[in-house]
Structures are given as C-alpha cells and as structure tokens.
Amino acid sequence: MRLVVLGPPGAGKGTQASRLAERLNIPHVATGDIFREAAGQDTEYGRKVRGVMERGELVSDGLTNELVRERLARADAAAGFVLDGYPRNVEQAVALDDLLHDQGTKIDRVIKFMVRGDDIVERLAGRRVCPVCKTVYHTVTRPPKISEICDNDGAALVRRDDDLKETTLRRLEVYGRQTRPLYEFYGDRGLLTEMDALGSDDEVFQRLLAVIGR
Ligand code: ADP
Ligand code: AMP
C-alpha cells in the first residue's frame, strides 16, 4: 500500500506513520528524518540543510525530489510505503506522480490529519525526541517513564531546534502557503480522506486503520 500522510507540523503524522508502517510491514519514509540526519553532519551540505531547517523553510525541491526518488527505489519500498512530510508543495506532488508513474505504480490514499491550532501549539511545545533512537515523546500526552530520559536507551531527550516559537510560526506559515494547496490537488484526484487527528494515539490509530480498510 502506498500512502501519504498530510497535515500541519505537530499533527501527529510521524507518530502514526511509524506505527502504521510497522503494522503494514512497509517503510516509514519521513523526509524530515532524512534531513535531520543530514543536518547532523559537519559538512557543507549538512550546514546548509541545518540552516534551512532552523529557519523553518523548505529544502530545495530538486534535492528533496532526488532523495525521495532514491529512497523509494530501494527494495524495501517495492511493496509500499508511508510517506510523511513529503510532498510538501505542488511541485513535489507532481514529481512524486512522475516517479511513481516511472515505476508503474501510484498512490493509493492520502490522509489529511485534522487538528485545531491550539493543539498544534501544545503538541509542538511538549515534543521531545530521543537523539539516539529518534523515538518521539510528549511531556504531557506521551511522557517517558523517567522525566526527560528515553525509555529505550536512557539518553537525555531533546527539543527539536525548529520547535522553538519563532521557527514554529514560520513553519506554520510555510505550511499554509505551500502545503495546503495539496488538499485540492489530491481532492481533485479523488485520493484524499480527511481524518480527525484529535484524541489519544490509540484512537487516532484505529481511525487511520479504518480509513485504509484494515
Ligand atoms: P508531526 O510528525 O506531524 O510533526 P509528531 O508525530 O512528531 O507530529 O507529534 C507531535 C507531538 O505531538 C509529539 O510530541 C507527539 O508525542 C504528540 N502527539 C502525537 N499524537 C498525539 C495525540 N494523538 N495526542 C496527543 N499528543 C500527540
Ligand atoms: P518535519 O520533520 O516534516 O517537520 O520536517 C522538518 C524540516 O525538514 C522542515 O521544516 C523542512 O526544513 C525540512 N523538510 C522536510 N520535508 C521536506 C520536504 N518534503 N521538502 C522540503 N523540506 C523538507
């Protein structure tokens, strides 16, 4: 199954996409994770990506499309994938269509995560990430067993640099201007399902399974 999850930053896409990918035994492909990995490298490329992310802007379409093309060409994505954070604008959506067309496949469903503005702010403000295993926590809704420590490996949890207030506002603005038009793009193609993304992780996961008929 070839799925795309769309929604504003902090909607819970990564949390659900990784769980769904595990359930369906297909990869969770998150461009944000790919770029965070790159941003950790002390190279010119790494520094450039880090700068873009810290400003809350988008990495260039050319580079992003190329990375996704390479990732989806890998054997583990042959039977399907959950794309999270990509496409982020109409140019990327067209590039995705083209690359899947070249593979003789297409997207099965695009799921829009619906949340309220207040929830986004709360979710982003409380988000904590393990720098080692990348598990995502929330200080209130998904706290680790020991405050600020990862359950899996004992590492000290961190806040994402781009979850600080100014960058968050910029990311929401970029989302509104660049990513929102994708709802019409996929709606017109009959691929879009809107899903209420409020409620507990488990409730949202059950809704997600229902959307894809599982
Ligand atoms: P996205 O990938 O859309 O940016 P995340 O999956 O990283 O969002 O979730 C953002 C934050 O909200 C994280 O701290 C996560 O633990 C928390 N979160 C995710 N889903 C829920 C939920 N259903 N209820 C409350 N908090 C949630
Ligand atoms: P995310 O983890 O999806 O919130 O993404 C974090 C950051 O990575 C974004 O703010 C962008 O700077 C960058 N990024 C992630 N996905 C894309 C994409 N599809 N196109 C361009 N930049 C991206």
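In terms of the working numbering, the sequence shown has 175 at position 168, counting the first letter as 1, and numbering is strictly consecutive. Glycine included, each C-beta is placed from N, C-alpha and C at the ideal position.
For the alpha helix (DSSP H) containing residue i, list its first residue and its last residue.
i    : result
T175 : 172-181
R130 : 124-133
G17  : It is not in any alpha helix (DSSP H) - G17 carries neither H nor E in the DSSP assignment.
D68  : 68-79
Quick one: grab the DSSP three-state call for residue i.
i    : result
M8   : coil
I41  : helix
Y93  : coil
R196 : coil
V147 : coil
A28  : helix
V101 : helix
A86  : coil
A162 : coil
Assuming residue i and residue j are in contact, meaning their beta carbons sit under 8 Å apart, how far apart are those beta carbons, in whole angstroms?
i    : j    : result
L164 : Y144 : 6 Å
L13  : F120 : 7 Å
F211 : T200 : The sequence given here places Val at residue 211; Phe does not occur at that position. Not confirmed; about 13 Å, so no contact.
Relative to the C-alpha of residue i, which candidate in the options has its C-alpha closest?
i    : options               : result
L107 : D91, A85, L205        : A85
H35  : V139, G92, L198       : G92
L74  : A102, E201, D169      : A102
T175 : L70, A132, R54        : A132
G206 : I127, L13, L179, A82  : I127
V181 : R196, T142, D105, N96 : N96
V147 : T22, E191, E61, R135  : R135
P94  : V66, R167, D83, G87   : V66
N32  : T71, P15, A82, G197   : A82
A204 : G197, E191, R130      : R130
G87  : T71, G111, L70        : G111
R221 : A37, L27, G161, P16   : L27
D208 : R187, G19, G58        : G19
D158 : P138, K55, A45, D195  : P138
For the beta strand (DSSP E) holding residue i, just list the boundary residues, first then last.
i    : result
I118 : 116-121
L199 : 199-203
V56  : Where V56 is concerned, there is no enclosing beta strand (DSSP E), although the alpha helix (DSSP H) it sits in stretches over 51-62.
V211 : That residue, V211, is in no beta strand (DSSP E); its alpha helix (DSSP H) goes 208-218.
According to the neighbour-count rule (16 or more other Cβ atoms, all chains shown, within 10 Å of its Cβ), is residue i buried or exposed?
i    : result
Q48  : exposed
I153 : exposed
Q213 : exposed
R9   : buried
V89  : buried
C184 : First, the residue type needs correcting, since residue 184 is Arg and not Cys in the sequence shown. Looking at its Cβ environment, which holds fewer than 16 other Cβ atoms inside 10 Å, R184 is exposed.
G161 : exposed
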